[in-house]
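So the sequences go chain by chain: V and F. Basically my numbering = 1-based index in the first sequence + 241. Basically my numbering = 1-based index in the second sequence + 241. Where a beta carbon is used, it is the ideal one built from N, C-alpha and C, also for glycine. Notes follow once the structure below has been shown.
There are 2 protein chains.
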Amino acid sequence: MKQDVENAIRYYSMNKSFMEEAYKEALLAFSKNEIPVGCVIVKDNKIIGRGHNLKETSKLVYSHAEINAIADASKNLNNWRLNDCSLYVTLEPCAMCMGAIMQSQISNVYFSVFDKAMGCCGSKLNLFEYNFQNPKINVFQGLLEEESKSLLQEFFKKLRSK
Amino acid sequence: MKQDVENAIRYYSMNKSFMEEAYKEALLAFSKNEIPVGCVIVKDNKIIGRGHNLKETSKLVYSHAEINAIADASKNLNNWRLNDCSLYVTLEPCAMCMGAIMQSQISNVYFSVFDKAMGCCGSKLNLFEYNFQNPKINVFQGLLEEESKSLLQEFFKKLRSK
Numbered sequence: 242m243k244q245d246v247e248n249a250i251r252y253y254s255m256n257k258s259f260m261e262e263a264y265k266e267a268l269l270a271f272s273k274n275e276i277p278v279g280c281v282i283v284k285d286n287k288i289i290g291r292g293h294n295l296k297e298t299s300k301l302v303y304s305h306a307e308i309n310a311i312a313d314a315s316k317n318l319n320n321w322r323l324n325d326c327s328l329y330v331t332l333e334p335c336a337m338c339m340g341a342i343m344q345s346q347i348s349n350v351y352f353s354v355f356d357k358a359m360g361c362c363g364s365k366l367n368l369f370e371y372n373f374q375n376p377k378i379n380v381f382q383g384l385l386e387e388e389s390k391s392l393l394q395e396f397f398k399k400l401r402s403k
Numbered sequence: 242m243k244q245d246v247e248n249a250i251r252y253y254s255m256n257k258s259f260m261e262e263a264y265k266e267a268l269l270a271f272s273k274n275e276i277p278v279g280c281v282i283v284k285d286n287k288i289i290g291r292g293h294n295l296k297e298t299s300k301l302v303y304s305h306a307e308i309n310a311i312a313d314a315s316k317n318l319n320n321w322r323l324n325d326c327s328l329y330v331t332l333e334p335c336a337m338c339m340g341a342i343m344q345s346q347i348s349n350v351y352f353s354v355f356d357k358a359m360g361c362c363g364s365k366l367n368l369f370e371y372n373f374q375n376p377k378i379n380v381f382q383g384l385l386e387e388e389s390k391s392l393l394q395e396f397f398k399k400l401r402s403k
């Protein structure tokens, strides 16, 4: 029992530390006047891809945190397949990103905040419930929810005050 | 009445000629041993973006014909917004591409062949029926269906024989 609790704490701490790295990416987006969303991709307990939202800077609609992290990870692995990887992102993925995540064969998705307007992990629909020929995907919500939400709120408050 | 028919023929011919350009892009993908899907984006009756599937070559999961055409059009317009644009693609868009298309604010989507396994314009689901804060989008199927289907079948036949 004590062992179980210790394992649970270790597991939670590890996942939280990866989400903290995603949050650091969100801060980078914030500093560039982009909607603050950040993402990391982890394989064998190592970060193999990082990205943040750069839609306005790059003038590319698909330059979301998840897509940029997927590009970074694919470059590092020299492969579009990201099997046995976990993705940590500070906002619920949209249809585009969830589509890319599933096609990448990523195993686990952790996200901080629900996105009522665009989210495809439960808010608008559960895209992973459709059988798109991809392996099973696990989706978890809640890590660093308050921090990620506050950062988004601060961004939109700043935006409205301009 | 005669005028209506002439207009209808002119409209059909124009759309067919744009799909023929998308088909040329699909032939390029075929020549590179990529699943043959091609795409063009049109604004004011001019092609402003072209792309074909380059997933294996680029080792990027999102290097689909539609995403590559969106990148090309956005570069040409210096804007991620593709309002009042029409997209022509030889295969029904997947969730990722349909998400990107809707977020680009593209007005019209023409596709040739239904994709039963991955398609998000009716086959697996109608992604455009969800209200993702994007403007209304019109979706049309059927232009160059036989040609685009034959090309895909030829590709998979060649792949299996290897």
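I need the DSSP call for residue i, collapsed to helix, strand or coil.
i, result
"Gly340(V)", "helix"
"Leu295(F)", "coil"
"Tyr303(F)", "coil"
"Asn367(F)", "strand"
"Val246(F)", "helix"
"Asn372(V)", "coil"
"Lys316(F)", "helix"
"Glu266(F)", "helix"
"Lys377(V)", "coil"
"Asn274(F)", "coil"
"Lys257(V)", "helix"
"Arg322(V)", "coil"
"Glu345(V)", "Here the sequence assigns Ser to residue 345(V), which means Glu is not the residue at that position. It is coil, neither helix nor strand."
"Phe403(V)", "Note on residue identity: the sequence assigns Lys, not Phe, to residue 403(V). Coil at Lys403(V), not helix or strand."
Cα separation between residue i and residue j?
i, j, result
"Ser345(V)", "Asn379(V)", "14 angstroms"
"Leu384(V)", "Ile276(V)", "19 angstroms"
"Val278(F)", "Val350(F)", "15 angstroms"
"Ser364(V)", "Phe373(F)", "11 angstroms"
"Tyr264(V)", "Ser327(V)", "15 angstroms"
"Phe397(F)", "Leu269(F)", "16 angstroms"
"Arg251(V)", "Asp356(F)", "44 angstroms"
"Lys257(F)", "Met255(V)", "54 angstroms"
"Lys284(V)", "Asp325(V)", "7 angstroms"
"Gln244(V)", "Gly290(V)", "32 angstroms"
"Ala249(V)", "Met260(V)", "16 angstroms"
"Met242(F)", "Phe381(F)", "24 angstroms"
"Lys377(F)", "Ser304(F)", "25 angstroms"
"Ala358(F)", "Tyr371(V)", "10 angstroms"
"Glu262(F)", "Cys280(F)", "8 angstroms"
"Ser272(F)", "Arg401(F)", "16 angstroms"
"Lys399(V)", "Lys390(V)", "14 angstroms"
"Lys316(F)", "Met343(F)", "18 angstroms"
"Leu295(F)", "Tyr253(V)", "38 angstroms"
"Asn375(F)", "Asn286(F)", "23 angstroms"
Any idea which residues DSSP pairs residue i with across the strands?
i, result
"Val283(F)", "Ile288(F) and Ser327(F)"
"Gln382(V)", "Phe352(V)"
"Leu392(F)", "In the DSSP output, where bridge partners are listed per residue, Leu392(F) has none listed."
"Leu332(F)", "Val354(F)"
"Cys362(V)", "Asn367(V)"
Measure the Cβ-Cβ separation of residue i and residue j and say whether it is below 8 angstroms.
i, j, result
"Phe352(V)", "Cys362(V)", "yes"
"Glu333(F)", "Gly360(F)", "yes"
"Ile282(V)", "Ile311(V)", "yes"
"Ala341(V)", "Val302(F)", "yes"
"Leu323(F)", "Ile347(F)", "yes"
"Ala267(V)", "Leu392(V)", "yes"
"Ala314(V)", "His293(V)", "no"
"Glu247(F)", "Asn274(F)", "no"
"Leu368(V)", "Ala336(F)", "yes"
"Trp321(V)", "Lys403(F)", "no"
"Glu386(V)", "Val354(V)", "yes"
So is the beta-carbon of residue i under 7 angstroms away from any non-hydrogen atom of the ligand GTP?
i, result
"Asp245(F)", "As for the ligand GTP, it is missing from this structure, which has no ligand bound."
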